[in-house]
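Just so we're aligned, residue 3 is where the sequence shown starts under my numbering, counting upward by one.
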Amino acid sequence: MYVLQGAKCGSVRFEPFINGVINKETVSRQSTITDNPIEGGGSINDHVFRSPLSFQLSGTVTDGAAAIATLQQMWMKGDVLTYTGRNQINNLVIQNLQSTHDATNRKGFTFTATLKQITIGSSEDSGTASMMSDQDSTAASQTSSSSSSKASSQTSKSSAAGLKTTVSETISSSAYAAYVNTYNTKPASSSGPSSRSTPTNTGRR
Numbered sequence: 003m004y005v006l007q008g009a010k011c012g013s014v015r016f017e018p019f020i021n022g023v024i025n026k027e028t029v030s031r032q033s034t035i036t037d038n039p040i041e042g043g044g045s046i047n048d049h050v051f052r053s054p055l056s057f058q059l060s061g062t063v064t065d066g067a068a069a070i071a072t073l074q075q076m077w078m079k080g081d082v083l084t085y086t087g088r089n090q091i092n093n094l095v096i097q098n099l100q101s102t103h104d105a106t107n108r109k110g111f112t113f114t115a116t117l118k119q120i121t122i123g124s125s126e127d128s129g130t131a132s133m134m135s136d137q138d139s140t141a142a143s144q145t146s147s148s149s150s151s152k153a154s155s156q157t158s159k160s161s162a163a164g165l166k167t168t169v170s171e172t173i174s175s176s177a178y179a180a181y182v183n184t185y186n187t188k189p190a191s192s193s194g195p196s197s198r199s200t201p202t203n204t205g206r207r
């Protein structure tokens, strides 16, 4: 049995001798190698990039009304698929779907589907990504908050820079007057002798 299971659109089962079969599974693996020219006409290969895995299914469905409807929904909605058959591959998306309806298979069809393996990174799968609008609003809020904080900090710095503290000592008016009078008052002169004593000239009459 071969099963193509979708995350949203259900599954398509291919059961030989009942409703259909997968005739061929083709897996393509590809890498990209970068070439850089160098002097002398040669080149060097410095990087190798692995391309996404490509997977191709070819099958026949004998009772195909439900199967073709489900395959179309898987393709239209970009459903993430898991294939189980000769190979088992996860995270596939239908890139190309071709069906052929002819008279040899009146109720069914043959089909070829090309699927590509993808890397899951959406919010639905990881649970961590957010919408771009939410990210923009968050960034704007953070920018506004940061600007406000910077403005407040600069205002505080400016206010602090404008404040100058000086220390002064004051004296009372009476103390100052006493201080001035100390220098303006002339020292009192000492009193001299009230009389001068002269020696007696006993030799004169």
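Ideal Cβ placement from N, Cα and C applies to all residues, glycine included.
Item: CB contact flag (Ser56, Ser33, <7 Å); Value: no
Item: Per-residue burial, Ile24 [other beta carbons within 10 Å of its own, 16 or more giving buried]; Value: buried
Item: Simplified DSSP state of Ile70, which is helix, strand or coil; Value: helix
Item: C-alpha distance - Ala1 paired with Asn47, whole-angstrom precision; Value: As displayed, the chain neither begins before 3 nor continues past 207, which places residue 1 out of reach and without an answer.
Item: Start and end residues, beta strand (DSSP E) containing Thr2; Value: For the chain, the structure presents residues 3 to 207; residue 2 sits outside this window and is missing.
Item: Run of the beta strand (DSSP E) containing Phe210, from where it starts to where it stops; Value: The structure shown has nothing for residue 210, since the chain only spans 3 to 207.
Item: Element boundaries [beta strand (DSSP E), containing Leu2]; Value: Absent from the model: residue 2. The displayed extent of the chain is 3 to 207, so no value can be given.
Item: For Met78 and Ile1, the rounded distance between their alpha carbons; Value: The chain is shown from 3 up to 207; residue 1 falls before or after that span and cannot be answered.
Item: Supposed close pair Ile117, Gly8 - CB separation, criterion 8 Å; Value: According to the sequence displayed, residue 117 carries Leu and not Ile. So it is not a contact: roughly 11 Å between Cβ atoms.
Item: Segment limits, beta strand (DSSP E) that includes Asn93; Value: 90-102
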